[in-house]
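In this text, residue positions in the sequence shown follow the UniProt record's numbering: the first is 1, and each later residue adds one.
From the three backbone atoms N, C-alpha and C, an ideal C-beta is built for every residue, glycine too.
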Amino acid sequence: MPKIPLKWLEESIDLLPGSTAEDVSAALVKVGLEEEGIEGGSVAGPLVIGRVLSLVKEEQSNGKTINYCRVDVGSHNDPAGPGHKPDNKDEYPESRGIVCGAHNFVAGDFVVVVLPGATLPGPFPISGRKTYGHWSDGMICSAKELGLGEDHSGIIVLKSPSGESAVFAGASVPDEALVPGADAIPLLGLDEQTIEINVTPDRGYSFSVRGVAREYSHSTGQPLRDPAAIPVSGKRGAGFEIDIDDLAPIRDRVGCDRFAARILRGFDPKAPSPTWMKRRLDQAGMRPISLAVDVTNYVMLELGQPLHAYDLGTLYAPIQVRRARPGERLTTLDDVERELHAEDLLITDSKDGLGARAIGLAGVMGGLETEISDSTTDILLEAAHFDPVTIARTARRHRLGSEASRRFERGVDTALPPHAIERALRLMQEFGGGEIEEIYTDVNTVEPVRPIVMDATFPGTIVGVEYRQDVVVDSLEQVGCTVVEDGTKLTVTPPTWRPDLESPVNLVEEVARLEGYDNLPSVLPVAPPGRGLTHSQKVRRSVARTLAEAGLTEVLTYPFMSEQRLDDMLVPADDIRRVQAVRLANPLSAAMPLMRTGLTATLIDAVKTNLGRGAQDVAIYEIGRAYRADRIGNVPTSFSGSTITPDDVERLNEALPGQPRRAAGIMAGNRVPAAWNHGAEPFDWTDAIAMVNKVAAACGVELSVSREPFEGLSVMPMHPGRAAMFRLADGTPVGVAGEMHPKVCENLGLPARTVGFEVILDDMIEESDGRIAPATPVSQQVLAKEDFAFVVADYVPAGELVAAVKAAGGELVEDAHVFDVYTGEQIGEGKKSLAVNVVMRAADRTLGADEVLAVREAIIAAAGEEFGAVLR
């Protein structure tokens with residue numbers, strides 16, 4: 001985000017009297033520019049230039065080597081003679097003794113010294129102290145300690161007469177100012193403050209001092225002095241020849257609609273950049289390089305127009321702007337050879353034919369072959385306007401975000417190029433000499449800005465605040481718009497620096513912004529009658545509440561995962577979760593390129609995080625979406641009109657991958673912690689199954705349970721023998737629950753016998769939509785109970801046996817459930833005993849013995865017929 005030095009800002013606009021950096025930030029916030037931070041101005045007290053007189057390396061008992069230095073700090077020196085205790089045994093010249101742990105400097109170097117009584121950013125007060133057997137009377141400072149950067153590997157060396165030390169590049173102090181004892185705060189610009197602001201994508205003009213000054217003017221009413229309002233000298237004509245030949249524009253927008261170029265001859269390549277310019281570049285976060293490069297960066301930061309300087313002696317006319325050709329490659333200024341894409345817009349010259357040699361990625365980065373060097377005397381300066389979509393795609397495709405691309409992809413003022421060139425060449429000529437050629441090239445095919453027709457009452461209709469017509473007109477004119485009034489009809493022509501103003505709604509935002517968001521009243525809207533939560537919303541809330549009441553904690557995880565996660569979960573190669581995983585073209589992290597195909601895959605990370613922080617018992621759940629690539633539709637490549645319509649949005653929605661809502665949970669450790677009167681009760685697979693039953697009850701559906709896996713889905717990561725599959729009445733698969741496979745727990749670092757569940761909510765919600773659950777009256781009749789102990793094969797699901805018992809008993813069976821499971825020698829190998837409790841009751845009478853007996857016999861017969869069950 002842009003950093004704006006306040007001293008630089010004051011050249012374009014007068015700040016309100018007595019304004020601090022905080023006041024300026026508050027003014028910018030009012031018009032939508034949020035402050036990211038304030039730098040500088042946090043150093044107080046004696047911070048001076050020092051010259052290292054002597055340096056003695058001393059190895060300590062802890063293995064560390066320190067330097068005991070005597071530093072000349074001018075008027076702040078101690079008198080010649082013995083030093084402070086314990087250094088009073090030796091005689092020293094006028095100086096101060098300082099202990100320093102850095103090793104990137106030598107005797108004779110000029111450094112920055114903070115003395116006792118000063119305060120560094122933090123705040124960090126400085127005092128003298130005894131350390132490593134010496135009295136250290138101050139500190140030699142690093143860049144990080146002064147807030148000039150993040151480097152803490154060594155101290156700042158301002159000058160090294162011996163040439164043995166690397167000079168700090170983040171500050172520029174002239175030789176005549178390097179006087180021991182001189183105040184270093186103004187020399188390093190530490191008395192100047194810089195505001196870093198957050199710029200939204202539609203406010204690209206604010207990536208400059210000019211743009212921020214304009215916004216400050218909107219907020220405070222202070223008059224703006226436009227730094228771009230400089231007359232262009234010379235004549236537009238046949239300067240260096242430029243040819244624009246874009247044969248494959250993106251979205252029918254030519255990649256370059258303006259290209260200006262002008263020549264400076266006789267430039268001194270060794271001329272230094274002025275100290276004030278280098279300091280401002282430092283404050284803005286850019287490293288000074290050379291006069292020509294520094295000027296282009298300076299003007300870009302000031303006006304918002306990226307510039308590029310070419311060594312004229314390396315160019316072959318004409319320059320052609322075109323799309324890349326198959327197999328074409330370019331070595332950019334960062335010395336990286338890049339394979340180009342057909343959508344990349346290139347700057348080329350005609351070394352081996354018209355447009356044959358690529359010399360730059362348009363709007364992103366120049367090429368290495370034509371860069372400015374120490375021997376460049378003739379310069380061709382380029383200022384152009386490129387299509388934002390083209391530049392954004394190129395920058396992301398090559399992972400090459402630059403200061404230029406960040407501005408072009410947000411939109412640059414189409415009227416700036418000749419003015420920016422004028423400003424830059426004047427600075428180069430002022431400090432590096434040379435002659436600016438009279439004739440310059442300006443290929444301009446920019447379309448006129450389209451006017452927007454809006455009724456003067458429209459802002460009030462949208463915002464809910466009544467704005468007078470004169471207020472609306474005044475606000476739009478402040479922004480830079482030209483407004484023609486015809487009654488209440490306003491014809492508004494946006495300024496060239498606001499490409500984001502495309503429709504009346506955009507203009508409404510400008511009116512509300514300039515009139516002040518803080519002036520908008522807070523009004524609670526009245527809910528229209530007859531509406532409320534949808535069935536889906538009600539059920540989802542009920543499910544979330546049910547799981548929370550069951551003791552689980554809701555979490556939210558990122559929907560991205562790695563392929564390794566599927567490997568760790570033992571998901572087979574032909575499993576739908578692997579085959580139909582959605583792979584992101586531009587993932588936030590290269591380590592996680594896939595969208596999750598189930599919530600369990602990402603819930604695991606939350607479990608591991610909690611366990612890693614000392615939690616012993618973890619029970620969490622999430623309600624979210626999973627994604628499947630087999631349900632991706634045809635992505636539209638064009639729109640039905642000049643702007644996106646609701647139909648276009650619907651087409652895009654249809655192209656999205658399947659993303660049903662799910663609920664999943666993982667439980668590890670103990671369900672009941674140990675206490676003095678009982679032992680701990682760990683979570684087991686039955687707890688996971690119970691959670692699915694609770695979710696089903698909250699959804700208002702009944703599920704059947706079995707061991708049979710779903711088609712295309714393996715049971716992993718669950719244990720095959722300790723997992724249950726759940727289906728709706730029509731056989732639709734909706735979920736799985738059970739104990740995780742031991743190998744999965746080992747792979748993922750989870751506790752042994754961790755359990756989990758995952759269900760598809762959307763299918764269950766749809767199943768219960770419109771269903772009315774009848775109220776069951778409380779029966780006044782006496783109930784009858786019967787217990788059965790059935791011996792069945794060990795693979796028979798208890799749920800299916802219970803379902804058969806209920807079906808056999810008909811309306812007289814009120815409830816049936818398994819209350820005991822037994823296996824052992826008495827039953828026989830491959831067998832188990834399921835004890836089922838059956839409750840019977842009639843709604844209108846007390847059941848007689850013969851009726852109970854008939855139900856009992858029907859149950860025994862049904863169990864024997866369907867499962868081969870034998871009564872014990």
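To which residues does DSSP link residue i through a beta bridge?
i: residue 323; result: 345
i: residue 776; result: In DSSP, residue 776 forms no bridge with anything.
i: residue 59; result: 65
i: residue 821; result: 834
i: residue 243; result: 320
i: residue 310; result: 380
i: residue 725; result: 706 and 736
i: residue 682; result: 670
i: residue 785; result: 839
i: residue 203; result: Its beta-bridge partners do not exist; DSSP assigns none.
Is residue j closer than 8 Å to residue i when the C-beta atoms are compared?
i: residue 736; j: residue 723; result: yes
i: residue 625; j: residue 659; result: yes
i: residue 454; j: residue 199; result: no
i: residue 463; j: residue 512; result: yes
i: residue 842; j: residue 780; result: no
i: residue 114; j: residue 138; result: yes
i: residue 243; j: residue 320; result: yes
i: residue 682; j: residue 665; result: no
i: residue 667; j: residue 687; result: yes
i: residue 745; j: residue 543; result: no
i: residue 601; j: residue 578; result: no
i: residue 873; j: residue 392; result: Since the displayed the chain opens at 1 and closes at 872, residue 873 lies outside it and no answer follows.
i: residue 478; j: residue 264; result: no
i: residue 67; j: residue 53; result: no
i: residue 407; j: residue 211; result: no
i: residue 786; j: residue 852; result: yes
i: residue 190; j: residue 40; result: yes
i: residue 559; j: residue 583; result: no
According to DSSP, is residue i part of a helix, a strand, or is it coil?
i: residue 281; result: helix
i: residue 431; result: helix
i: residue 625; result: strand
i: residue 647; result: helix
i: residue 481; result: coil
i: residue 382; result: strand
i: residue 286; result: coil
i: residue 438; result: coil
i: residue 132; result: coil
i: residue 94; result: coil
i: residue 115; result: coil
i: residue 141; result: coil
i: residue 740; result: strand
i: residue 597; result: coil
i: residue 508; result: helix
i: residue 610; result: helix
i: residue 267; result: coil
i: residue 412; result: coil
i: residue 363; result: coil
i: residue 814; result: strand
i: residue 5; result: strand
i: residue 159; result: strand
i: residue 218; result: helix
Within 10 Å of its beta-carbon, does residue i have 16 or more other beta-carbons around it, so buried, or fewer, so exposed?
i: residue 616; result: exposed
i: residue 172; result: buried
i: residue 475; result: buried
i: residue 412; result: buried
i: residue 846; result: exposed
i: residue 276; result: exposed
i: residue 239; result: buried
Taking residue i and residue j to be in contact with their CB atoms under 8 Å, please state how far apart those CB atoms are, rounded to whole angstroms.
i: residue 446; j: residue 258; result: 5 Å
i: residue 644; j: residue 552; result: In fact, because the Cβ distance is near 41 Å, the residues do not count as touching under 8 Å.
i: residue 184; j: residue 48; result: 6 Å
i: residue 472; j: residue 459; result: 6 Å
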